[in-house]
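Trainee: Input: one structure, supplied below.
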């Protein structure tokens, strides 16, 4: 039986009304999932050449739309001198590398920045926006839309746009994230993999990433989806791991006079010893397995966030504490990160440390190598990222409990300590940190709801502010669902933001964070290293850890 063809392109070489009606039919697109399935169900034949043209056209249009958005966002950053939480240098370097399509192994040179600046100015000229004001650009960005054939999608309809891309068998997706009130955009080639009930997307190639997509962020996490940024992980390989052998050969003064740097390189040396890598060339040969192991740890860290924030804790706890990110990387953000690290097994998924215990049962050497890679990743003491020192103190105090004198790792104890049952056992780290989250979220909500507010000289009520936020959500197409983590995260981010702007006690949350910081740091020191060590070191976790790593001989130079 001869199948009737699905007309994609008509005789005039335009997209047919049949095709345009099909891709506009939400029921058909959602029900069929892909155009191939639709044709099979309806006994239709696809002209693959015409379908390829349709995919190429929609991908090219979206690429150009995303590029324009990104260039305008960068210009707004320049005009306002506001480069968000990433800082001007990180934003420029990341965006420059993406615009010029530089390989992660290629170092950035001064001529690249000149080429980048020329490209930006040329594009702004093409858009007739070279001399546009910051306010004009901001207005364009706020009302920005993306085209796909004869359809237009605003920010609230990106999920529908991605459904259409999937329907057409495109491997590209448009991913939006918001951090600190700033929007980031990725147009990427993605491969998907199921882990438990969660969908993990591997960003194989970031075709366009907006300026605020800094390279310090290796993964993106949503309600039931996780995206791993392979370019970031590969860049880390070249920036952090590849220089190690040259550093050892040159023995710079920083190794001799900085305990932090000496230990940092010593940890790397031990990892390379475990992996039988003795040169930059050997690492280049083995980089695939290195990136694979790094990616796996990141995946399970993101899954750990999902386990705690959505499945173990009340859904409003994590979302409330995440909202405190506006006060930079504080103690509550550190606790959320650590709970993700130590998340127990739940419904076929687990956090990264429990995953290492699972790997250890089959491949002890690989698990041990990945454990020390984890320690290297959280060793922030030899960096300028002082905002991460509290997190480093906490997670390293926890991890070092499982290191034996011969540098072997007690994975069995780690697996037991981070089991689901340990959450209900007093004086365990997992129970203590979980209870601190619940207590802190409750207190932050109480402070926000009981505070007095003033807007434009008039008294205001928190309920009126919440109603205003929800009205804005409705206008933008955001789904209001109190059971959704995404909705709660957006709501509390704005409530915390407005509390800092309009409350008569604007520092109430900031002050509370500082009080809890010292309390949590001290208690974790006692629970992990013991009261005697905590008092001996005057509760200075970093000094204790430096001495401990030196005693383990994890040093590049003796």
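In our numbering, the protein residues as written are 24 to 581.
Note that CB positions come from ideal geometry on N, CA and C, so glycine has one too.
Using DSSP with H/G/I as helix, E/B as strand and the rest coil, what is residue 155?
Mentor: coil
Trainee: Could you tell me whether the segment 344 to 357 touches the segment 258 to 266, where touching means 3 or more Cβ pairs closer than 8 Å?
Mentor: no
Trainee: Using 10 angstroms around the beta-carbon of residue 589, count the other beta-carbons present and answer buried if the total reaches 16, otherwise exposed.
Mentor: No information on residue 589 is available, as it lies outside the stretch 24 to 581 that the chain covers here.
Trainee: When you compare each of 187, 233 and 370 to residue 53 by their alpha carbons, which one comes out closest?
Mentor: 187
Trainee: Pick helix, strand or coil for residue 459, following the three-state DSSP scheme.
Mentor: helix
Trainee: Would a C-beta distance cut-off of 7 Å place residue 375 and residue 442 closer than the cut-off?
Mentor: It is not a contact, given that the beta carbons lie outside the stated cut-off.
Trainee: Give, in chain order, every unbroken run of the beta strand (DSSP E) that is at least 3 residues long and sits entirely within the segment 421 to 487.
Mentor: Here the runs fully enclosed are 476 to 478 and 481 to 483.
Trainee: Could you name the residues that DSSP lists as bridge partners for residue 214?
Mentor: 225
Trainee: Does the contact criterion of 3 or more C-beta pairs under 8 Å hold for the segment 510 to 517 versus the segment 171 to 191?
Mentor: no
Trainee: Using CA coordinates, which residue listed in 453, 370 and 387 is at the minimum distance from residue 326?
Mentor: Selected option, being the one with the closest Cα: 370.
Trainee: Quick one: residues in its chain with C-beta nearer than 8 Å to the C-beta of residue 339, no 5 flanking neighbours on either side, listed in chain order?
Mentor: 464, 468, 511 and 515
Trainee: Have a look at residue 57 and residue 192 and give me their C-alpha separation to the nearest angstrom.
Mentor: 6 Å
Trainee: Just checking, does the segment 236 to 250 make contact with the segment 217 to 227 on the three C-beta pairs under 8 Å criterion?
Mentor: yes
Trainee: Taking the beta carbon of residue 276 as the centre, do at least 16 other beta carbons fall within 10 Å, making it buried, or is it exposed?
Mentor: Answer is exposed; the Cβ neighbour count stays below 16.
Trainee: Across which residues does DSSP place residue 242 in a beta bridge pair?
Mentor: 251
Trainee: Tell me the rounded alpha-carbon separation between residue 207 and residue 141.
Mentor: 23 Å
Trainee: Contact criterion: CB-CB distance below 7 Å. Does residue 578 meet it with respect to chain C?
Mentor: Within the model displayed, chain C is absent; a lone protein chain is all it includes.
Trainee: Quick check on residue 255: buried or exposed, where buried means 16 or more other Cβ atoms within 10 Å of its Cβ?
Mentor: buried
Trainee: Per the DSSP calculation, residue 171 is bridged to which residue(s)?
Mentor: 174
Trainee: Look up residue 231 in the DSSP assignment and give the residues it is bridged to.
Mentor: Paired residue(s): 210.
Trainee: Starting from the C-beta of residue 106, find all residues in its chain whose C-beta is less than 6 Å away, skip the five residues before and the five after it, and write them out in chain order.
Mentor: Around residue 106: 100 and 114.
Trainee: What residues are listed by DSSP as bridge partners for residue 376?
Mentor: None, per the DSSP bridge assignment.
Trainee: Apart from the five residues just before and just after residue 284, which ones in its own chain have a Cβ nearer than 7 Å to its Cβ?
Mentor: 277, 278 and 405
Trainee: What is the rounded straight-line gap between the Cα of residue 178 and the Cα of residue 298?
Mentor: Spanning the two alpha carbons is a distance of roughly 45 Å.
Trainee: With C-beta atoms as the reference, is residue 258 less than 7 Å away from residue 127?
Mentor: yes
Trainee: Look at residue 354 and residue 456 and say whether their C-beta atoms are less than 7 Å apart.
Mentor: For the pair residue 354 and residue 456, the CB atoms are not nearer than the 7 Å cut-off.
Trainee: Could you compute how far the alpha carbon of residue 212 sits from the alpha carbon of residue 425?
Mentor: 39 Å
Trainee: Quick check on this structure: which residue in 555, 362, 379 and 64 has the alpha carbon closest to the alpha carbon of residue 458?
Mentor: 362
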